[in-house]
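As structure tokens, the structure follows; a few thoughts come after it.
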Amino acid sequence: MTGMWVLLAAFAVAAVTGLVLRRRSGTVRVVDFPRVAPESEHLTAHLLEAGLADAGKTDLPPAPLILHFSASWCGPCVAVRELVDKLADELPSVRHIEVDVAEHPQLSSELRVLSLPTVLVYDADMRQRFRVAGTPSAADLRAVLLPLFDGGNAT
1004 MTGMWVLLAA FAVAAVTGLV LRRRSGTVRV VDFPRVAPES EHLTAHLLEA
1054 GLADAGKTDL PPAPLILHFS ASWCGPCVAV RELVDKLADE LPSVRHIEVD
1104 VAEHPQLSSE LRVLSLPTVL VYDADMRQRF RVAGTPSAAD LRAVLLPLFD
1154 GGNAT
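Just so you know, we're using our numbering here: the sequence shown kicks off at 1004 and counts up by one.
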């Protein structure tokens, strides 16, 4: 009889944990960037080291950056890639870099990417401002990007 109660308690804890994780998935969270985000030079150095040189080009005008972590085996990453590509087309000033966690595990570790897909949004000064674990909605991602432009104007 005690074993049944233990099993029931374990099931209840698992159900609550699953509901909490499902609710948080895809939610845009504001990042406490002084604590979490690496300094601009540090992030740029990591991106250059990872072979993502376009992000570190100094001749590009400062603009928000979407850093999208994915993997070839990740199904939801395809939906996020399409969503971010569409947003990058709508907001041409936004830079978008997709990082494969299998090819760049050190960068993923440094930025504390624990699940896929993960989207990090940086402002023009390369400070991490928002983080999404899971698949964000287009409206949520657009809503956090627009204020990062001068006066909210993306063009």
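The beta carbon of each residue, even a glycine, is placed where N, CA and C say it ideally should be.
Close Cβ partners of residue i (< 7 Å) along its chain, the five nearest in sequence each way excluded
{"i": "ARG1145", "result": "LEU1090"}
{"i": "ALA977", "result": "Within the shown structure, residues of the chain are numbered from 1004 to 1158, placing residue 977 beyond reach of any answer."}
{"i": "LEU1114", "result": "LEU1123"}
{"i": "CYS1077", "result": "LEU1119, PRO1120"}
Nearest-angstrom beta carbon gap, residue j and residue i [assumed within contact, 8 Å]
{"i": "TYR1125", "j": "LEU1070", "result": "7 Å"}
{"i": "LEU1148", "j": "PRO1095", "result": "The pair is not a contact, with the Cβ atoms about 12 Å apart (cut-off 8 Å)."}
{"i": "ALA1082", "j": "THR1138", "result": "6 Å"}
Check whether residue i and residue j have beta carbons under 8 Å apart
{"i": "ARG1134", "j": "LEU1123", "result": "yes"}
{"i": "LEU1151", "j": "ALA1127", "result": "yes"}
Identity of the residue in the options nearest residue i by Cα
{"i": "VAL1112", "options": "PRO1150, PHE1072, LEU1068", "result": "Sequence check: residue 1112 is Ser here, not Val. Nearest of PRO1150, PHE1072, LEU1068 to SER1112, Cα basis: PHE1072."}
{"i": "GLU1093", "options": "ALA1142, HIS1107, VAL1009", "result": "ALA1142"}
{"i": "SER1140", "options": "ARG1084, HIS1107, ILE1100, PRO1108", "result": "ARG1084"}
Beta-carbon proximity list for residue i, same chain, < 8 Å, skipping 5 on both sides
{"i": "GLY1155", "result": "Reliability of the predicted coordinates at GLY1155 is poor, the pLDDT of 48 falling under 50, and the value obtained from them is presented with this limitation in mind. Closer than 8 Å at Cβ, skipping near neighbours: LEU1149."}
Cβ neighbours of residue i in the same chain (closer than 6 Å, five flanking residues each side left out)
{"i": "ARG1098", "result": "ALA1066, LEU1068"}
{"i": "ALA1015", "result": "none"}
#### Entry: Whole beta strand (DSSP E) elements within the region 1072–1117, 3-residue minimum
1098–1103
### Query
Which runs of the alpha helix (DSSP H) fall wholly inside the region 1121–1155 and span at least 4 residues, in chain order?
1141–1148
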